[in-house]
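A.B. asks:
So this is what it looks like as structure tokens:
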């Protein structure tokens, strides 16, 4: 076992890069929305997930594969991956705050997986039970490597979080089989759903075995060369339309593209391939400029869960899958570690507080699969698009959410040879390299962040603080990467206070986003706001914001939500439309708009009350 194992007790442990990540136990989050999410995830989310592993068939399927139990296979062909993500969530939660029940679950599940695994290392309950004669022959849609990737990530998490090596033994047997077939024996096939690439790189980092990295590199270089069989969805769907190094824009299934990009950056970092890193950065720049929702969400089309064309960002038809938000955070974190550029931390913050946070209800036991920016009064589509649900038949999102929440501390701060960098502002304690830093803040409700040095190794070091692009710099002038550095001979008890501008702001869309022309949205700090019907006097769809609207922040405690800061905005109520006939005309309204006040709530807190009409983008009067 390589000494890489003990380097970081967290999801990512690159061997090189501009920034070095911390372990989940190096950062204690002690309050704020992040702290609340972790507490609810532990008390409600993870217990729900463990219960659903039985009810959904994920665990019973593997018992069948092990020759145990009765019945037939349940769920989708990738049902195993739900269990692997749940295992990873349990591992990181145990690493954050140990619990005896977590160890038992991990140990018992690892033993079951070992019994279900074939002698050659293959493990996939669907293909073992339903299609044993089709193993490795349907990779365009089988998710066999995808499931293997999530197994590997769960095993790395279990080992790093102190849950033992039993799961790692299962994962390595499967990974060794992949290496033998797809690297040594020369099979050039690739999985239609990228994910295993980033997992293989992390397994290489954990073990030091170079063949895992070589296979990940081969899989990435093979994508875009027509090696994925036709599924009826076209080559764009699985990013098989162009070689990775040639593609300039994100395309196809959003989650697949974003997981692929995480693997691209991982391989680039570990191999020192600057051209491979540059192509991922190129696609990031295009994606952010033309295909990203104001919440940080990705995926404009329900058809194929896909990115649309550039500037195709409809609010009501936005897909913005919760898994895409998570995959985006994975990609941006890798880019941040590799380059040190604060723009990646900015997008992580936007995604965390909006697209990701909205995925879960305030009580932690209901989830969104799809995260639209508008809900109409007559929404009639299926439950995936209506209210949050406790679980889904295709339950890729809930355990994925749980594993990220459990590991949130990993994404707060990093170190380098010069000191400590803080990327996300949460109340708590950061420990790294002999430095102990206490953080006091009411962020994101308040922009003041106070840092106190509790311990220091002595000598000069630099405390680097991200200055978000949305905040006026104030007294601290950020560098080209978006960070303000304070270098000094820090002593125990020294303090420093960062004040970020939390003035509410009216945001306008790019002129090329046709679906949003004539509209505006409201932001305050890192939070995107929305209007819900329950807070308005009259019909929400009759409201329009005034271009020079005064925006007033008002702190409240709302039933079903808890603590929040509302925004009161100057608005007008538009006159009613004609009751019949075509919805077009040449005559001006018979009455003038009437002044009123519109009330907005943070987007991540919507759908916790009436479940009615909602909109982020609102017309301007």
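Numbering (full-length UniProt numbering), first residue to last: 1 to 621.
Ideal placement from N, C-alpha and C gives every residue a C-beta, glycine not left out.
#1: Using a 10 Å radius around the Cβ and a threshold of 16 neighbouring Cβ atoms, would you call residue 218 buried or exposed?
#2: Between 394, 561, 518, 463, which lies nearest to residue 414 when the distance is taken from Cα to Cα?
#3: Classify residue 17: buried if its beta carbon has 16 or more other beta carbons within 10 angstroms, exposed otherwise.
#4: Quick check on this structure: which residue in 239, 20, 185, 591 has the alpha carbon closest to the alpha carbon of residue 335?
#5: Looking only at its own chain, which residues have a Cβ that is under 6 Å from the Cβ of residue 308, when we skip the five neighbours before and after it?
#6: Over the uninterrupted alpha helix (DSSP H) stretch that includes residue 14, give me the two end residues.
#7: Look up residue 594 in the DSSP assignment and give the residues it is bridged to.
#8: Can you name, in chain order, every residue of its own chain whose Cβ lies under 7 Å from the Cβ of residue 1, other than the five neighbours on each side?
#9: May I have the straight-line CA-CA distance separating residue 584 from residue 593, to the nearest angstrom?
#10: To the nearest angstrom, report how far apart residue 304 and residue 250 are at their CA atoms.
#11: What residue from 570, 581, 278, 612 has the CA that sits closest to residue 595's CA?
#12: Which parts of the segment 541-565 are runs of the beta strand (DSSP E), unbroken and 3 residues or longer, counting only runs that do not cross its ends?
#13: Helix, strand or coil: which one does DSSP assign to residue 601?
#14: Within the continuous beta strand (DSSP E) that includes residue 131, where are the two ends?
#15: Looking at residue 320 and residue 604, is the spacing between their C-beta atoms short of 7 Å?
#16: From 582, 227, 399, pick the residue whose C-alpha is nearest to that of residue 243; which is it?
#17: Contact between the segment 71-81 and the segment 118-134 is defined here as three or more beta-carbon pairs at a separation below 8 Å; is this criterion met?
#18: Are three or more beta carbon pairs between the segment 416-436 and the segment 396-407 nearer than 8 Å?
#19: How close, in whole Å, do the beta carbons of residue 195 and residue 149 come, if the pair is a contact with beta carbons under 8 Å?
#20: Taking a contact to mean a Cβ-Cβ separation below 7 Å, would you say residue 428 touches residue 28 in this structure?
#21: Just curious, the beta strand (DSSP E) that residue 401 is in, first and last residue?
#22: Once DSSP output is grouped into helix, strand and coil, what is the label at residue 79?
#23: Among 326, 270, 51, which one has its Cα closest to the Cα of residue 406?
#24: What does the alpha-carbon distance come out to for the pair residue 513 and residue 618?
#25: Specify the secondary structure class of residue 5 as computed by DSSP and reduced to three states.
#26: Starting from the Cα of residue 508, find the closest Cα among 294, 111, 137, 99 and give me that residue.
#27: What separation, rounded to the nearest whole angstrom, lies between the Cα atoms of residue 548 and residue 506?
#28: Suppose contacts are defined by Cβ-Cβ distances below 7 Å. Is residue 67 in contact with residue 60 by that definition?
#29: Near residue 345, which residues of its chain fall below 8 Å by C-beta distance, leaving aside the five closest residues on each side in sequence?
#30: Can you name the start and end residues of the beta strand (DSSP E) that residue 115 belongs to?
#31: Less than 7 Å between the C-beta atoms of residue 696 and residue 453, yes or no?
#32: Can you tell me which of the three DSSP states residue 519 falls into?
#33: For residue 463, which three-state DSSP category applies?
#34: Evaluate residue 538 with the Cβ neighbour count: other Cβ atoms within 10 Å of its Cβ, from every protein chain shown; 16 or more gives buried, anything less gives exposed.
#35: Report all residues from its chain with a CB closer than 7 Å to the CB of residue 608; omit the five preceding and five following residues, and keep chain order.
#36: Evaluate the contact criterion for the segment 159-175 versus the segment 92-104: three or more CB pairs, one atom per stretch, below 8 Å.
C.D. replies: Quick look at the numbers:
#1: Residue 218 sits buried, since 16 or more C-beta atoms from the chains shown fall within 10 Å of its C-beta.
#2: Comparing C-alpha distances from residue 414 to each of 394, 561, 518, 463 shows the shortest one belongs to 463.
#3: Counting Cβ neighbours within 10 Å, residue 17 comes out buried, since at least 16 surround it.
#4: It is 20.
#5: So the qualifying residues of the chain are 300, 301.
#6: Note, residue 14: premise wrong, no alpha helix (DSSP H); not H, not E.
#7: When DSSP reads this structure, residue 594 sits in a beta bridge with 573.
#8: Unreliable placement is indicated for residue 1, whose pLDDT of 27 sits below 50; the coordinate value is still reported in the next sentence. Annotation for residue 1: 207 place their beta carbon closer than 7 Å to its own, counting only its chain and skipping 5 residues before and after.
#9: Between residue 584 and residue 593, the alpha-carbon positions lie close to 18 Å from each other.
#10: Between residue 304 and residue 250, the C-alpha separation is close to 14 Å.
#11: Per the Cα distances, 570.
#12: Listed in chain order, the complete beta strand (DSSP E) runs (minimum 3 residues) inside the segment 541-565 are 543-545, 551-558.
#13: Residue state, collapsed to three classes: strand.
#14: Run containing residue 131: none; DSSP gives neither H nor E here.
#15: No.
#16: Of 582, 227, 399, the smallest CA-CA separation from residue 243 is found for 227.
#17: At 8 Å Cβ cutoff, the stretches touch.
#18: For the pair of segments examined, the segment 416-436 was found not to touch the segment 396-407: the number of CB pairs separated by less than 8 Å stays below three.
#19: The beta carbons of residue 195 and residue 149 sit about 4 Å from each other, so the pair counts as a contact at 8 Å.
#20: A distance below 7 Å separates the beta carbons of residue 428 and residue 28.
#21: It is not in any beta strand (DSSP E) - residue 401 instead sits in the alpha helix (DSSP H) that spans 397-406.
#22: It is helical.
#23: A check of alpha carbon separations from residue 406 across 326, 270, 51 identifies 326 as the nearest.
#24: Rounded to whole angstroms, residue 513 to residue 618 spans 14 Å at the Cα level.
#25: Bear in mind that the predicted position of residue 5 carries a pLDDT of just 39, short of 50, making it too unreliable to give a figure here.
#26: Measuring from the Cα of residue 508, the nearest candidate turns out to be 294.
#27: Near 9 Å, if we compare the C-alpha coordinates of residue 506 and residue 548.
#28: Inclusion of residue 67 and residue 60 in the CB contact set at 7 Å is not warranted, their separation being larger than that value.
#29: Hits under 8 Å: 332, 336, 423, 424, 466, 482.
#30: Segment 100-116 is the alpha helix (DSSP H) holding residue 115; no beta strand (DSSP E) there.
#31: Nothing about residue 696 can be reported from this structure: the residues present for the chain run from 1 to 621 only.
#32: Collapsing the DSSP output to three states places residue 519 in a strand.
#33: DSSP places residue 463 in strand when its eight states are reduced to three.
#34: Under this definition residue 538 is an exposed residue.
#35: The residues are 361, 362, 560, 561.
#36: Yes: the two stretches touch, three or more of their Cβ pairs being nearer than 8 Å.
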